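K.L.:
2 protein chains.
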Amino acid sequence: MSETEVEAPASPAEEIAAALAQPDGDPRAALAGRQAADIATALEALPTADALAALRALDTARQANVFGYLKRKAQARLGAALDRGERAAIVGAMSHDERADLYRALNEKGQEALLGVLARAEREDLRRLAAWPEGTVGSIMTSDYAFLWPNMTAPEALEALRRQAVDSETVYTALVADGDYRLLGVLSLRDLLLAGDKARVEAIMDRDPVTVRADADREDAAQIIGRYDLLVLPVVDAEGRMVGIVTQDDAFDIVEEEATEDALRGASVGALDADVLDTPLAILYRARVGWLVLLVFGSMFSGAGLAAFEGTIAAHMSLLFFLPLLIGSGGNAGAQSATLTVRALATGDVRPADYGRMMVREVAVAVGLGLTMAFAIAIAGLLRADAPVLTVVALSMTLIVLIGSLLGLTLPFLLQRAGLDPATASGPLVTSLCDVTGVLIYFGIATLLLPV
Amino acid sequence: MSETEVEAPASPAEEIAAALAQPDGDPRAALAGRQAADIATALEALPTADALAALRALDTARQANVFGYLKRKAQARLGAALDRGERAAIVGAMSHDERADLYRALNEKGQEALLGVLARAEREDLRRLAAWPEGTVGSIMTSDYAFLWPNMTAPEALEALRRQAVDSETVYTALVADGDYRLLGVLSLRDLLLAGDKARVEAIMDRDPVTVRADADREDAAQIIGRYDLLVLPVVDAEGRMVGIVTQDDAFDIVEEEATEDALRGASVGALDADVLDTPLAILYRARVGWLVLLVFGSMFSGAGLAAFEGTIAAHMSLLFFLPLLIGSGGNAGAQSATLTVRALATGDVRPADYGRMMVREVAVAVGLGLTMAFAIAIAGLLRADAPVLTVVALSMTLIVLIGSLLGLTLPFLLQRAGLDPATASGPLVTSLCDVTGVLIYFGIATLLLPV
């Protein structure tokens, strides 16, 4: 290794890509013992012909596994280059939820082609899964769950899970249902292993599993899985019939995606479908420009406020010195309490009913913060201004921090109540609001207390 | 089957608390079929005597399970009220990582008492786990993993997992090691079920499992589990000996905690140990005041900038009208690109080496945004100012949005390079920086272009 390389060592995917790029290398050897996710990342970086040769060195189950990890663009590129037979084998072996994701990302012609290579039962399953609207539990669940009948004995159930092991997303939690597919309970493989040979499934299953409706928000599923540490969350329809499962790794992805979505929304950026590096510039521009322009017109109120107090400002130019400090502090305090509230609502630590308690606590903290800040700014301003101006500044600071904090606390609750995403409140929106109130409070107090 | 509805008006925990509060109710009946997490939430809300009576209605395994879900405060309160024998039974049955968490939260006297009720081997295990510093993989791993020898046959391995099922965190992935406890591979229960009776563990195990070092950052473990969809991530020491596992639900908690921590840090709030409602007001105050005061002194530069341009401002008071719009827009654009960068770095979508590519793309987007904003502000200002001032404003807006965006992009990379958390960049810090540059750019251009 050359000495100039101080950056991190090559990632597993880079190692695989390098091994595959050897002119006389054996792809089978290069891929042996490698993780599907790393192989997928390596294939994305390779020319189509090389990627195809590598993919063909794997057996069908692993091909499907790797294919599921590919990004949409690479799926389309490699999918188009495969023979019809290969495509059918891979799509047939993919897990049902990943297949449905792929289907949703295709155009109509691609969707037809995908349906064309599937057997009839699979085709209907795919159509059903893909029909769930984006953001619902149905859109992220999978239908290849393990299933047991209630009257099976433990050895029968174990044998049934053995048979289902190849085609199921997981066999560690099986759903149990009656003849009408109404969910009766769930059985963990662990409890099955601990049961005696005579025990029947209905006697050892958990009869009160937590479930979620397919038409619920996908965030609900993630929150439930996180709260109860579930490996598998059964999904039911309005009649209590089982329709799928959401697994813990799905919930993991949702939490990460929602955290990103919330963070972006909080910074007034629209949601992005792909990684920031893969997103076309025009989409990035569009995700950002809307709020920015809206906030320009919003901050016109601040400007108008300033203009209204032109007389006061002209008479006391030293007031200007403190303007960025005051409105900045209000915005910062507001952003702090908005973010605390948004995260607490997102994780379920705080519920809408807690608003009153949160408010009382926020007033106490914000008064403390405001007084501290007033003191800090008075010190900072000693050399810049006389006592009357400093009094106005300190008084304004206390009020601006208090009002900013209360705005930051209240806005997320209001947005949630209106059915909007509270995360929208946490960044530039609350900052802009605090700017306007800051200008009005500051120059309002100055006009009242200072001679013009 | 009763459905556990999480969104319903009365939460499951509230239902349990209400059932337990019935004067002549049977706690056993009130708790039957309930989730441990819900029981824990209910117990937290009850008086100690009632909570104790309810806890005593459960068997030891479930007691330990519920106890693990309790918040620290309730653990301390109920733990102190239990008999020594009960305490020993519960602590003995708790999963090893939760027991270590409990131990870490106790004072020295409490720690002594906890060690006192454990058998010697357990005591040493607990000391070892609790010794890992906060934030490391070691501090979140658990040592109650399932273990197999490489030369076991499939039926022997299945029998071994049966024996370990009660005391292990999970039996769905078992570690395989040699006589020196050096990790040789992992075996999933699924592969074990699919193996023939003659197969030996070493022949069917995964010989190239992803592992993590115990002294690595806990976020690394979460990222690895998320990338490879692992149920269990084996943890090894510097010599490759197995020391524990991190499970998917641990990773889930970490992602949620880190998202909260990043969001708070981005809003210049210090990390909190507990829910915002459970955090003492003094701690909340302290978590917020530091950055606020620091930023006051930071924005003194903006104030000083304004003061330096007093002459220009006095000659063209209409410039003031646009000040909040301009510095607000720069801050907003900066917050947008900072947040995009922070999230992309946090999820691993973008690596430090991508800075150049990100920069080129950001310039393109930011120039587009800046021109759009210049146009918007020129329209907004038509009635307020004459052509020379509008020219200054439009020019400043383009530059301010561009510089703000580039600051927002660069700051997280710089912080990461310096070994600090990039999330610190995304909120008030970048906004304050943009304020200063905005003031200098705006009045600098005005002084250059407008007659004084």
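If you're matching them up, the sequences are chains Z and G in order.
Residues in the first sequence are numbered consecutively from 1, following the working numbering.
Residues in the second sequence are numbered consecutively from 1001, following the working numbering.
C-beta atoms are modelled at their ideal positions from N, C-alpha and C, and glycine is treated no differently.
Note that this is a predicted model, so its numbers are computed, not measured.
(1) With a threshold of 9 Å between beta-carbons, can Ser143 of chain Z be considered close to chain G, or not?
(2) Alpha helix (DSSP H) containing Ala972 of chain G: first to last residue?
(3) Would you tell me roughly how many angstroms separate the C-alpha atoms of Tyr145 of chain Z and Ile245 of chain Z, rounded to the nearest one?
(4) Identify every residue that forms a DSSP beta bridge with Ala146 of chain Z.
(5) Drop a sphere of 10 angstroms on the beta-carbon of Gly1336 of chain G, count the other beta-carbons inside from all chains shown, and report buried for 16 or more, exposed for fewer.
(6) Can you list, in chain order, the residues of its chain with a C-beta nearer than 8 Å to that of Leu78 of chain Z? Leave out the 5 residues immediately preceding and following it.
(7) Consider the Cβ of Phe443 of chain Z: report whether some Cβ of chain G lies at a distance smaller than 9 Å.
(8) Mind pulling the alpha helix (DSSP H) runs of 4 or more residues that sit fully within the stretch 1209-1272 of chain G?
(9) May I ask you to verify whether the stretch 1318-1326 of chain G touches the stretch 285-301 of chain Z, counting CB pairs closer than 8 Å and requiring at least 3?
(10) With distance defined between alpha-carbon atoms, name the residue in G:Trp1132, G:Pro1133, G:Glu1134 and G:Gln1111 nearest to Arg1123 of chain G.
(11) Identify every residue that forms a DSSP beta bridge with Asp206 of chain Z.
(12) Relative to the C-alpha of Ala165 of chain Z, which residue among G:Ser1188, G:Ala1308 and G:Met1152 is closest?
(13) Quick check on DSSP: helix, strand or coil for Arg484 of chain Z?
(14) Under 9 Å, Cβ to Cβ, is there at least one residue of chain Z near Met1300 of chain G?
(15) Please report the straight-line C-alpha distance between Ala105 of chain Z and Ser1268 of chain G, rounded to a whole angstrom.
(16) May I have the straight-line CA-CA distance separating Ala157 of chain Z from Thr1173 of chain G, to the nearest angstrom?
(17) Return the bridge partner residues of Thr510 of chain Z from the DSSP annotation.
(18) Would you identify the three-state DSSP class for Thr1398 of chain G, choosing helix, strand or coil?
(19) Which residues bound the alpha helix (DSSP H) around Val466 of chain Z?
(20) Just the Cα atoms here: how many angstroms apart are Met1242 of chain G and Met1141 of chain G?
(21) Which of the three DSSP states, helix, strand or coil, is assigned to Thr136 of chain Z?
(22) Mapping the DSSP letters down to three states, classify His96 of chain Z as helix, strand or coil.
(23) In the DSSP assignment, the alpha helix (DSSP H) including Val296 of chain Z goes from what residue to what residue?
(24) Do the stretch 1177-1192 of chain G and the stretch 1124-1140 of chain G meet, that is, are 3 or more Cβ pairs less than 8 Å apart?
(25) How long is the line joining the alpha carbons of Leu46 of chain Z and Ala17 of chain Z, rounded to whole angstroms?
(26) Mind pulling the chain Z residues with CB within less than 8 Å of Val1365 of chain G?
(27) Say whether chain Z places a C-beta atom closer than 9 Å to the C-beta of Met1317 of chain G.
(28) Report the three-state DSSP secondary structure of Val1393 of chain G (helix, strand or coil).
(29) Nearest chain G C-beta to Asn332 of chain Z closer than 9 Å, yes or no?
(30) Going by alpha carbons, who is nearest to Gly475 of chain Z out of Z:Thr312, Z:Met358 and Z:Met373?
(31) Exposed or buried, which one is Ile1379 of chain G when buried takes at least 16 other CB atoms within 10 Å?
(32) Is the number of C-beta pairs between the stretch 1095-1102 of chain G and the stretch 1114-1134 of chain G that are closer than 8 Å three or more?
(33) Closest to Tyr237 of chain Z by C-alpha separation, out of Z:Arg213, Z:Ala30 and Z:Leu306, would be which residue?
(34) I'd like to check one pair, Ala1333 of chain G with Phe297 of chain Z: are the Cβ atoms closer than 9 Å?
(35) What does the alpha-carbon distance come out to for the pair Glu202 of chain Z and Ala93 of chain Z?
(36) Output yes or no for whether 9 Å exceeds the beta carbon distance between Thr391 of chain Z and Arg1343 of chain G.
P.N.:
On the basis of the data shown:
(1) As a position in the first sequence, residue 143 of chain Z is number 143, starting the count at 1. No, Ser143 of chain Z does not count as interfacial toward chain G.
(2) The first residue shown for chain G is 1001 and the last is 1452, placing residue 972 of chain G beyond what the model contains.
(3) One-based indexing of the first sequence puts residue 145 of chain Z at position 145. One-based indexing of the first sequence puts residue 245 of chain Z at position 245. Between Tyr145 of chain Z and Ile245 of chain Z, the C-alpha separation is close to 6 Å.
(4) Here residue 146 of chain Z refers to the residue found at position 146 of the first sequence. Partner(s): Z:Ala174.
(5) If you number the second sequence from 1, residue 1336 of chain G lands on position 336. Looking at the sequence shown, residue 1336 of chain G is not Gly but Gln. Gln1336 of chain G is buried by the Cβ-count criterion.
(6) By 1-based counting over the first sequence, the position of residue 78 of chain Z is 78. Cβ within range, chain order: Leu43, Thr48, Ala51, Leu52, Leu55, Phe67 and Leu70.
(7) As a first step, residue 443 of chain Z is located in the first sequence; it is residue number 443 there, counting from the start. No, no contact with chain G.
(8) 1218-1228 and 1248-1266
(9) yes
(10) Walking along the second sequence from the start, residue 1123 of chain G turns up at place 123. The residue among G:Trp1132, G:Pro1133, G:Glu1134 and G:Gln1111 with its C-alpha nearest the C-alpha of Arg1123 of chain G is G:Gln1111.
(11) On the first sequence, position 206 is the one that residue 206 of chain Z refers to. Z:Val186, per the DSSP bridge assignment.
(12) The residue given as residue 165 of chain Z occupies position 165 in the first sequence. For the residues G:Ser1188, G:Ala1308 and G:Met1152, the minimum Cα distance to Ala165 of chain Z belongs to G:Ser1188.
(13) The requested residue 484 of chain Z is not part of the displayed model; chain Z covers only 1 to 452.
(14) By 1-based counting over the second sequence, the position of residue 1300 of chain G is 300. Answer yes: the Cβ-Cβ gap between Met1300 of chain G and chain Z drops below 9 Å somewhere.
(15) Taking the first sequence and counting its residues from 1, one reaches residue 105 of chain Z at position 105. Taking the second sequence and counting its residues from 1, one reaches residue 1268 of chain G at position 268. Cα to Cα, the separation comes out at about 38 Å.
(16) Residue numbering aside, residue 157 of chain Z sits at position 157 when the first sequence is read from its first letter. Residue numbering aside, residue 1173 of chain G sits at position 173 when the second sequence is read from its first letter. Roughly 20 Å between the two C-alpha positions.
(17) What is shown of chain Z runs 1 to 452, which leaves residue 510 of chain Z out entirely.
(18) As a working mapping, residue 1398 of chain G is identified with position 398 in the second sequence. Here Thr1398 of chain G sits in helix by DSSP.
(19) Given that chain Z is displayed from residue 1 to residue 452, the structure contains no residue 466 of chain Z and the question cannot be resolved.
(20) In the second sequence, the residue the question calls residue 1242 of chain G occupies position 242. In the second sequence, the residue the question calls residue 1141 of chain G occupies position 141. Met1242 of chain G and Met1141 of chain G: Cα-Cα distance of roughly 11 Å.
(21) Translated into the one-based positions of the first sequence, residue 136 of chain Z becomes position 136. Three-state DSSP puts Thr136 of chain Z in a strand.
(22) Working through the first sequence from its first residue, we reach residue 96 of chain Z at position 96. Looking at His96 of chain Z - three-state DSSP - the assignment turns out to be helix.
(23) Against the first sequence, residue 296 of chain Z aligns to sequence position 296. Residues Leu281 to Ala308.
(24) no
(25) Mapped onto the first sequence, residue 46 of chain Z falls at position 46. Mapped onto the first sequence, residue 17 of chain Z falls at position 17. The straight-line gap from Cα to Cα measures roughly 7 Å.
(26) For the purposes of this step, residue 1365 of chain G is identified with residue 365 of the second sequence, where counting begins at 1. Residues of chain Z passing the Cβ test: Leu281, Leu284, Tyr285 and Arg288.
(27) Residue mapping note: residue 1317 of chain G aligns to position 317 of the second sequence, counting from 1. At least one chain Z Cβ lies under 9 Å of Met1317 of chain G.
(28) Taking the first residue of the second sequence as 1, we reach residue 1393 of chain G at position 393. Val1393 of chain G: helix per DSSP, three-state reduction.
(29) As a first step, residue 332 of chain Z must be located in the first sequence, where it is residue number 332. Yes, contact with chain G.
(30) With chain Z running from 1 to 452 in the structure shown, residue 475 of chain Z is simply not present.
(31) Here residue 1379 of chain G refers to the residue found at position 379 of the second sequence. So Ile1379 of chain G counts as exposed.
(32) For the pair of segments examined, the stretch 1095-1102 of chain G was found to touch the stretch 1114-1134 of chain G: the number of CB pairs separated by less than 8 Å reaches three.
(33) Along the first sequence, one-based indexing puts residue 237 of chain Z at 237. Per the sequence presented here, residue 237 of chain Z reads as Asp, with Tyr not at that position. Closest in C-alpha terms to Asp237 of chain Z, from the list Z:Arg213, Z:Ala30 and Z:Leu306, comes Z:Arg213.
(34) In the first sequence, counting from the first residue as 1, residue 297 of chain Z sits at position 297. In the second sequence, counting from the first residue as 1, residue 1333 of chain G sits at position 333. Not a contact, by the Cβ cut-off of 9 Å.
(35) Walking along the first sequence from the start, residue 202 of chain Z turns up at place 202. Walking along the first sequence from the start, residue 93 of chain Z turns up at place 93. Those two C-alpha atoms are separated by around 31 Å.
(36) Here the question's residue 391 of chain Z lines up with position 391 in the first sequence. Here the question's residue 1343 of chain G lines up with position 343 in the second sequence. Their beta carbons are not under 9 Å apart, which means Thr391 of chain Z does not touch Arg1343 of chain G by this criterion.
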